[in-house]
Amino acid sequence: MSPGSRMPASSTTPAGAPAGPSTAPSSGPDRTVLGEADISRALTRIAHEVVERNRGAADVVLLGIPTRGVQLARRLAERLAQIEPSFDGEFGTLDVTMYRDDLRRQPTRAVGQTVLPGSLGGTVDDKVVVLVDDVLFSGRTIRAALDALNDLGRPRVVQLAALVDRGHRELPIRADYVGKNLPTSRTERVRVRLADVDGVPDSVVISPTASGSPSGPASDQDGGER
Amino acid sequence: MKHLLTTQGLAKDDAILLLDTAAQMAATQSRENKKLPTLRGRTVVNLFYEDSTRTRISFETAAKRLSADVINFSAKGSSVSKGESLKDTALTLHAMGADAVVVRHSASGAAHQLAHAGWLDAGVLNAGDGMHQHPTQALLDAFTIRRHLVGGVGHDGRGADTSAGADLAGLRVAIVGDVLHSRVARSNVYLLHTLGAEVTLVAPPTLVPVGVETWPCRVSYHLDKTLEQWQPDAVMMLRVQRERMSGGSGAFFPSPMEYSRKFGFDAHRLAVLPDHAVVLHPGPMNRGLEISAAAADHERSVIVEQVANGVAVRMAALYLLLSGEVSENTDERTAP
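These protein sequences, in sequence, are chains A and B.
Under UniProt numbering, the first residue of the first sequence is numbered 1, with each subsequent residue one higher.
Under UniProt numbering, the first residue of the second sequence is numbered 1, with each subsequent residue one higher.
As structure tokens, this is what we get:
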């Protein structure tokens, strides 16, 4: 999915209405669980954890999963470069659309960009790849990402950083670095808003699904909305 | 999108989505492992009633790079030579569970008939029907033009393509040669117009079809005048289709030599063009007739790159037709 194509649609969903006391009885108010400062602190902590776990950032390659994972990877790369002067501040993007297991159950998705940092020479062989995504939910996006990564080479280690882990995994996948663990109900919707993607201040919001219908087990969407 | 039959009436957004998807597909084709798992388990049938090498191989390559199973069906040496109709062939393919049918046929409208007659529920891709349409060729031409003239990939075609989401607004494209018999010209006129480019057809009057005044383009009978005065950004040479010229090769122009003098593209005419201009040809080329060897092998000729881009464009078309199909159908059924 390309940043321009489906993003606006996700911000006009019914649950996007501002929270207030007058909300319909079937749907409770939206809860903002992380604000701008919380997200910033979480990313700084994750950057330190990455350096700590890997004893530096020499072979670390950050790959963001479109759309919001890319912006998070960019911010993580900035922080890593501040902590570790040897880190060059580069990051890449890894599009997983063509590796998804639900292509036949969803409307056609636009294919996003896969770009490796230029210094790699087109392969991730023997690198420490840190996948970066906004919300970890069913784990199916990450499974697709592991397949996509496999076609780009053989990394020494693959790690996963997620801004939010909301539980309800459907595959044996866990994150190495988590910004915030959010206990949620399956029917709730977790939305990540980032200033450089959505044009509104950074936030993570939980809202009840408007219709009350669960979004379904295969709905690990690649938007900021899960 | 369920079928890709024509570029006439193809929405601009869909055309740009196809080109953008093709750009991502092209990026995967420079990897060591070119194969993607995207269409695993789907079956693509190449149904070719006319001779074709490059289009069939291009579609076959595209389908295989997306992990689809490919079945090749050519009319020669098949049940068609025993008199089977298109309908019965289609019913057979339906019974075998084809998910997409790539069809080339000498009759204009064959692809449309196959898609809409209710014989098949597979997606239909038109790979050339008579003198009507050849949409993937036009898409790959537009993709090649966009990469070079909007995306700035440089003459060797290896630079970064920065044209994602862009159209071809303001570009001038001259389509030169046998317009009458050319489905490539018809497809390109409509697609390039949709994408915002200006098109001039250049051909001898005998090779301009009746009704061309309704097409969204201009017509010129003078190649030199068009090149000098109009200064096109891209020149697309068409093959002189001798096999469609009944009554011998002299039926539409006095002699091949005269055609070549007046409408053949050579290094001299190339020098008249602006420095950024590119030369295209859908192939196979008649060297020495519509294009000289010097022009065909010139660094501003992108003819070989067109072939590579053809695979990427066909991968994009197969992906967009096949990937979301099942849910689209269910959505229609469950919609209130």
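We treat Cβ as the ideally placed atom computed from N, Cα and C, and that holds for glycine.
Supposed close pair residue i, residue j - CB separation, criterion 8 Å
i: residue 88 of chain A; j: residue 119 of chain A; result: 7 Å
i: residue 36 of chain A; j: residue 177 of chain A; result: Not a contact, Cβ separation roughly 20 Å.
i: residue 138 of chain B; j: residue 53 of chain B; result: About 19 Å separates the two Cβ atoms, so there is no contact after all.
i: residue 29 of chain B; j: residue 141 of chain B; result: Rounded, the Cβ-Cβ distance is 18 Å, inconsistent with contact.
i: residue 208 of chain A; j: residue 188 of chain A; result: 6 Å
i: residue 172 of chain B; j: residue 213 of chain B; result: In fact, because the Cβ distance is near 20 Å, the residues do not count as touching under 8 Å.
i: residue 47 of chain A; j: residue 80 of chain A; result: 5 Å
Spatially closest choice to residue i from the options, by CA coordinates
i: residue 59 of chain A; options: A:174, A:165, A:126; result: A:126
i: residue 196 of chain A; options: A:31, A:69, A:34, A:184; result: A:69
i: residue 121 of chain B; options: B:44, B:196, B:171, B:76; result: B:44
i: residue 112 of chain A; options: A:106, A:123, A:96, A:121; result: A:96
i: residue 234 of chain B; options: B:170, B:244, B:253, B:216; result: B:170
i: residue 193 of chain B; options: B:180, B:175, B:206; result: B:175
i: residue 152 of chain A; options: A:61, A:56, A:52; result: A:61
i: residue 130 of chain A; options: A:103, A:110, A:105, A:160; result: A:160
i: residue 102 of chain A; options: A:138, A:128, A:194; result: A:138
i: residue 274 of chain B; options: B:318, B:283, B:300; result: B:300
i: residue 57 of chain A; options: A:94, A:64, A:65, A:85; result: A:85
i: residue 186 of chain A; options: A:136, A:149, A:132; result: A:136
Cβ of residue i within 9 Å of any chain B Cβ
i: residue 227 of chain A; result: There is no way to answer for residue 227 of chain A, as the model of chain A reaches only from 1 to 226.
i: residue 120 of chain A; result: no
i: residue 76 of chain A; result: no
i: residue 104 of chain A; result: yes
i: residue 113 of chain A; result: yes
i: residue 145 of chain A; result: no
i: residue 152 of chain A; result: yes
i: residue 26 of chain A; result: Note on residue 26 of chain A: pLDDT 42, under 50, position unreliable in the model; no value is reported.
i: residue 126 of chain A; result: no
i: residue 141 of chain A; result: no
i: residue 99 of chain A; result: yes
i: residue 129 of chain A; result: no
i: residue 23 of chain A; result: In this prediction, residue 23 of chain A has a pLDDT of 38, which is less than 50 and means its spatial position is unreliable; what the coordinates show is noted afterwards. Not an interface residue.
i: residue 30 of chain A; result: no
i: residue 58 of chain A; result: no
i: residue 195 of chain A; result: no
i: residue 95 of chain A; result: yes
i: residue 209 of chain A; result: no
i: residue 184 of chain A; result: no
Cβ-heavy atom distance, residue i to the ligand NAD, below 8 Å
i: residue 229 of chain B; result: The ligand NAD is absent from the structure shown, which contains no ligands of any kind.
is_contact[residue i, chain A] using C-beta, thresh 9 Å
i: residue 123 of chain B; result: no
i: residue 43 of chain B; result: no
i: residue 158 of chain B; result: no
i: residue 195 of chain B; result: no
i: residue 31 of chain B; result: yes
i: residue 206 of chain B; result: no
i: residue 324 of chain B; result: yes
i: residue 332 of chain B; result: Since pLDDT at residue 332 of chain B reaches only 36, below the 50 mark, its modelled position is unreliable, and no value is offered.
i: residue 167 of chain B; result: no
i: residue 1 of chain B; result: yes
i: residue 335 of chain B; result: Note on residue 335 of chain B: pLDDT 34, under 50, position unreliable in the model; no value is reported.
i: residue 216 of chain B; result: no
i: residue 37 of chain B; result: yes
i: residue 319 of chain B; result: yes
i: residue 162 of chain B; result: no
i: residue 26 of chain B; result: no
i: residue 20 of chain B; result: yes
i: residue 17 of chain B; result: yes
i: residue 10 of chain B; result: no
i: residue 140 of chain B; result: no
Enclosing alpha helix (DSSP H) for residue i [first to last residue]
i: residue 317 of chain B; result: 303-322
i: residue 50 of chain B; result: First-last for residue 50 of chain B: undefined, no H or E at that position.
i: residue 201 of chain B; result: That residue, residue 201 of chain B, is in no alpha helix (DSSP H); its beta strand (DSSP E) goes 198-202.
i: residue 16 of chain B; result: 12-28
i: residue 3 of chain B; result: Where residue 3 of chain B is concerned, there is no enclosing alpha helix (DSSP H), given that its DSSP letter is neither H nor E.
Residue span of the beta strand (DSSP E) that contains residue i, given as start and end
i: residue 188 of chain A; result: 188-193
i: residue 71 of chain B; result: 69-74
i: residue 280 of chain B; result: 278-280
i: residue 203 of chain A; result: 203-208
i: residue 174 of chain B; result: 172-176
i: residue 32 of chain A; result: 31-34
Any C-beta of chain E under 9 Å from that of residue i
i: residue 316 of chain B; result: This model lacks chain E altogether; the protein chains it does include are A and B.
| query | Which ranges does the alpha helix (DSSP H) cover as unbroken runs of at least 4 residues, wholly within the UniProt domain "Phosphoribosyltransferase" (40-180) of chain A, from first to last along the chain? | reply | Counting only runs of 4 or more, we get 68-83, 140-150.
*asked:* At 4 residues or longer, what runs of the alpha helix (DSSP H) sit wholly inside the region 100-155 of chain B?
replied: Taking only runs of at least 4 residues, the alpha helix (DSSP H) segments lying wholly in the region 100-155 of chain B are 110-116, 135-149.
Next on the checklist: So within the region 221-254 of chain B, which uninterrupted beta strand (DSSP E) runs reach at least 3 residues, ignoring any that extend past its ends?
Outcome noted: Segments of the beta strand (DSSP E) lying fully in the region 221-254 of chain B: 234-237.
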